[in-house]
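Residue numbers (the UniProt record's numbering): 264 to 466. Backbone N, C-alpha and C define an ideal beta-carbon position, used for all residues, glycine too. Just so it is clear, the structure is predicted and the values come from calculations on it, not from any experiment. The structure under discussion appears below in the form of structure tokens.
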Ligand code: URA
């Protein structure tokens with residue numbers, strides 16, 4: 264199977280559909296995922312949002328950002344004037360990785376090696392789309408897009424990822440994990456102001 268995937272890769276996918284077929288055929292690096300979760304949205308979207316990896320809901324539905332973090336992101340985007348249907352949403356890693364606890368599947372963070380494994384596919388995805396702006400949601404996306412581990416607190420804001428204009432902000436799941444309501448509200452407002460800038464940069 265490795266050789267078959269390499270052969271397909273060597274054929275250079277010319278469309279996102281061809282690329283996705285390669286990713287689907289390769290399967291998860293770590294066993295367990297139900298299916299690959301591909302990017303979603305218009306192929307000529309001006310803004311591409313890059314997350315970490317699909318979560319439990321995404322894995323089951325086969326769509327990115329449909330669980331709690333995705334719902335929060337979609338709401339914040341809309342408040343900032345970015346319709347979800349006009350943007351393209353994808354992930355650095357295309358398969359859900361988890362730890363089973365009872366009947367719950369707890370998300371486990373992809374390793375740097377896993378991010379590296381998926382990186383050529385993410386780069387090809389961008390190359391086929393040539394968006395105006397690439398948004399990194401959280402540290403895993405920054406690592407995937409830049410090849411470097413960078414703390415979000417120091418890199419938040421405008422960036423460049425290779426030939427692409429970029430923007431770095433927090434991952435929406437970070438907002439969900441904050442302990443108290445006041446901190447949450449403040450962090451959400453900061454996220455919203457990032458999204459407003461993202462909206463303006465893509466005009
Ligand atoms: N978190 C991500 O990073 N991606 C998703 O698709 C969902 C949650």
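* By how many angstroms is the C-alpha of residue 310 removed from the C-alpha of residue 287? -> 24 angstroms
* Asked: Terminal residues of the continuous beta strand (DSSP E) containing residue 370?
  -> 367-370
* May I ask you to check if the CB of residue 291 is nearer than 6 angstroms to at least one heavy atom of ligand 1? => no
* Does at least one heavy atom of ligand 1 sit under 6 angstroms from the Cβ of residue 283? -> no
* Looking at the structure shown, is residue 345 part of a helix, part of a strand, or coil, going by DSSP? -> coil
* Runs of beta strand (DSSP E) lying entirely within the UniProt domain "Uracil-DNA glycosylase-like" (301-459), each at least 3 residues, in chain order -> Entirely contained in the UniProt domain "Uracil-DNA glycosylase-like" (301-459), the beta strand (DSSP E) runs reaching 3 residues are, in chain order, 310-314, 351-354, 361-364, 367-370, 396-400, 420-424, 427-432.
* Asked: Is residue 291 near residue 358, with beta carbons less than 7 angstroms apart?
  -> yes
* Do residue 303 and ligand 1 come close, with the Cβ less than 6 angstroms from some heavy atom? -> no
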